[in-house]
Amino acid sequence: MKINRDRRVKWFLPFLLFISIIVDSALPAIFPVAFLGNGQTIVSQLALYFLTLFAFYFRDETIMLNAMIFGLLTDSYNTTILGIYGALYLIVAYVIIKVKKYFPKNAAVHIMLLLVAITLCQFIVFVFYREFGYTTVTLTEFLATHLWPTIIFNVVLSFLMYFPAKGLLGWLGYENYIIL
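Going by this note's numbering, the first residue of the sequence shown is number 265, and it counts up by one from there.
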């Protein structure tokens, strides 16, 4: 059974990350504009959700390699600068793998780690774009029009993903997935 589980994790993660990158690009476009304020934008972080899910619950050595590869794929598909999400996804996976031993394995902790990861990734991308002149948005505008809508959207998305993630983890062999 262990060989089967390891094989499932090893091959299913890249497939899931690839699909989630495509869905990440489509979700903001189909999201109803009526929920957004004037000038607000959202960034779906479904790929980051699954990356943190696998890094938090499994000990597979390929998670960091997949994080870098699919971060670069995210860059090539969604952004104009190659490498920023590749580095950020790699750092997020590494940090979660290192700190997960200090936290209980439950969905609430996973969602909190996801929120920290989303906030840091979005803020680092903002600072990077700002320093290199790709944007002239102020920090206050960034917080009000981009970061808060992105966080709220991804919190709702993570709650909607609870039962599919629970089923996925069960299928992959992890059984102790609880909310509290």
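Using N, Cα and C, we set each Cβ at its ideal position, and we do this for glycine too.
Check	Outcome
How should Pro-413 be labelled, buried or exposed, when 16 other C-beta atoms within 10 angstroms of its C-beta is the threshold for buried?	buried
For Arg-394, which three-state DSSP category applies?	helix
Can you tell me where the alpha helix (DSSP H) with Glu-405 in it begins and where it stops?	403-406
Of the residues Phe-334, Thr-402, Gln-309, which one's Cα is nearest the Cα of Leu-354?	Phe-334
Could you check where the alpha helix (DSSP H) with Phe-367 kicks off and where it finishes?	Looking at the DSSP string, Phe-367 is not in any alpha helix (DSSP H), and its letter there is neither H nor E.
How many angstroms separate the CA atom of Val-401 from the CA atom of Val-356?	25 Å
Candidates Phe-417, Ile-283, Tyr-426: which alpha carbon is nearest Pro-296's?	Phe-417
Take the Cβ of Tyr-341 as the centre, count every other Cβ of all protein chains shown within 10 Å, and call the residue buried at 16 or more, exposed below.	exposed
Exposed or buried, what is Tyr-321 when buried is set at 16 or more other beta-carbons lying within 10 Å of its beta-carbon?	buried
Check for me: the alpha helix (DSSP H) holding Met-332 runs from which residue to which?	326-342
Note the first and the last residue of the continuous alpha helix (DSSP H) segment covering Tyr-423.	The sequence shown places Phe at residue 423, not Tyr. Where Phe-423 is concerned, the enclosing alpha helix (DSSP H) stretches over 412-424.
Assuming contact is defined by CB atoms lying nearer than 8 Å, are Ala-319 and Ser-284 in contact in what I supplied?	no
Can you check which of these residues, Asp-339, Arg-271, Ala-372, is closest to Gln-309 by C-alpha distance?	Asp-339
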